[in-house]
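**Q** First the structure, then my questions, so here it is.
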Amino acid sequence: MTFVMPDYTETDQAHSPPATPLPQSSDDPFAPPLDIYDLGDMYIVVASLPAVRSSDLETAYDAETNCLTVSGTYTNPFSHLSDCLMLGERHNGSFHRAIRFPSTVKIDPTKIKMQMANGVLEGHLMKLRDGVKT
Numbered sequence: 000m001t002f003v004m005p006d007y008t009e010t011d012q013a014h015s016p017p018a019t020p021l022p023q024s025s026d027d028p029f030a031p032p033l034d035i036y037d038l039g040d041m042y043i044v045v046a047s048l049p050a051v052r053s054s055d056l057e058t059a060y061d062a063e064t065n066c067l068t069v070s071g072t073y074t075n076p077f078s079h080l081s082d083c084l085m086l087g088e089r090h091n092g093s094f095h096r097a098i099r100f101p102s103t104v105k106i107d108p109t110k111i112k113m114q115m116a117n118g119v120l121e122g123h124l125m126k127l128r129d130g131v132k133t
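Note that numbering that gives the first Met the number 0 has the sequence shown beginning at 0, numbered continuously upward.
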């Protein structure tokens, strides 16, 4: 299952409500929370991925669809204690998030920088201005 952020405008960038906690494991991928900043010449995407190893993370940008995808797997180190679980709000298993940027904006695929540190994925995506690199 793919979660796609719709195109947005200045007037419709309202904060979305927090996700409803899901069961700790599911066959469907969960969508990690993220923030998107528009700095004019670039987007900054910040995703919360606590305890996800870089080796379990994949990011890809598709210039044809103007879509950035973040996917991977989180393995709970306490999964062997699932029979003792009293409250399970943290997601476990695969995750997938797709961000489709507005069709009026093009991203420079050669200037995408993704960095994972301390459970936070930070992506910098430079925009093309009128089809020219900025």
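Idealized CB from N, CA, C, for every residue including glycine.
Within 10 angstroms of its Cβ, does residue 90 collect 16 or more other Cβ (buried), or is it exposed?
**A** Buried: at least 16 other Cβ atoms inside 10 Å.
**Q** Are at least three pairs of beta-carbons, each pair with one atom in the segment 57-71 and one in the segment 114-127, less than 8 Å apart?
**A** With a cut-off of 8 Å, the segment 114-127 and the segment 57-71 count as touching, because enough Cβ pairs lie within range.
**Q** Terminal residues of the continuous beta strand (DSSP E) containing residue 108?
**A** From DSSP, the beta strand (DSSP E) with residue 108 extends over 105-116.
**Q** Just grab the DSSP bridge partners of residue 94 for me.
**A** BP columns for residue 94 point to 29 and 71.
**Q** Are three or more beta carbon pairs between the segment 74-85 and the segment 99-112 nearer than 8 Å?
**A** Short answer: they don't touch.
**Q** Output yes if chain D places a C-beta closer than 8 Å to the C-beta of residue 50; else output no.
**A** Reference to chain D is not applicable here, since this structure consists of a single protein chain.
**Q** List the endpoints of the continuous beta strand (DSSP E) containing residue 62.
**A** Premise fails: residue 62 is in no beta strand (DSSP E) and is neither H nor E.
**Q** How about residue 94 and residue 73: do their beta carbons lie closer than 8 Å?
**A** Yes, they are a contact pair.
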